[in-house]
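Take a look at the structure set out below.
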Amino acid sequence: MKQIIAIVKPYLAERVLEGLRRAPLEALWVHEVKGMGKQKSYLDQYAGDDGAMAFLPKVELSMMVEDARAEEVLERLVEIARTGRMGDGKIFVLPAQPYERVVSI
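As structure tokens, this is what we get:
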């Protein structure tokens with residue numbers, strides 16, 4: 001099992017989710033997050049003062065995928081989310097092993 005974490009621009013989140021609708025996902029979580037990357041120096045001019053750090057809004061998609069299907073999901077994700085502009089986001093792939101299923105009583 002793999003955990004794929006994709007950090008994307010908010011306006012791309014719906015398009016990515018729609019594109020992954022029929023993807024072979026075991027689970028999917030969506031979080032609103034803020035962050036900065038290489039575009040930090042570009043953003044500082046909007047921060048108001050020299051010491052401030054400007055964080056851009058992003059959306060984090062965290063999904064669980066069977067090992068055999070991970071490459072398929074990654075290819076689809078990159079195809080949908082890549083715009084070619086700075087700040088497109090990041091994709092991380094982590095090994096995952098379920099610890100225990102939680103069952104409602």
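Numbering (the numbering used here), first residue to last: 1 to 105. For every residue, glycine included, the Cβ atom is placed at its ideal position computed from N, Cα and C. None of the values given here were measured: they were computed from a predicted structure.
Compute the distance between the beta-carbons of residue i and residue j, then report whether it is under 7 Å.
i: R7; j: K58; result: Inspection of the sequence shows that residue 7 is occupied by Ile rather than by Arg. Going by C-beta atoms, I7 is nearer than 7 Å to K58.
i: M64; j: A27; result: yes
What's the gap between the Cα of residue i and the Cα of residue j?
i: T83; j: E75; result: 14 Å
i: E79; j: R69; result: 16 Å
i: H31; j: R85; result: 22 Å
i: K9; j: G35; result: 11 Å
i: P98; j: G37; result: 31 Å
i: Y11; j: F55; result: 16 Å
i: A13; j: W29; result: 12 Å
i: D67; j: A23; result: 13 Å
i: E71; j: E100; result: 25 Å
i: G89; j: L17; result: 15 Å
Let's test the definition: count the other Cβ atoms within 10 Å of the Cβ of residue i and tell me whether it reaches 16, buried, or not, exposed.
i: V33; result: exposed
i: L61; result: buried
i: L94; result: exposed
Which one or two residues does DSSP pair with residue i in a beta bridge?
i: V65; result: K2 and L25
i: F55; result: None, per the DSSP bridge assignment.
i: G87; result: According to DSSP, G87 bridges with nothing at all.
Among residues of its own chain, excluding the 5 on either side of residue i, which ones have a beta-carbon nearer than 7 Å to its beta-carbon?
i: R15; result: I80
i: G19; result: R76 and I80
I want to check one thing, is the minimum distance from the CB of residue i to the heavy atoms of the ligand MN below 6 Å?
i: M86; result: Absence of the ligand MN from the depicted structure is noted, as is the absence of any ligand whatsoever, leaving it without description.
Spatial neighbours of residue i within its chain, please: C-beta separation below 8 Å, excluding the five flanking residues on both sides.
i: V73; result: I4, L20, A23, P24, L25, M63 and V65
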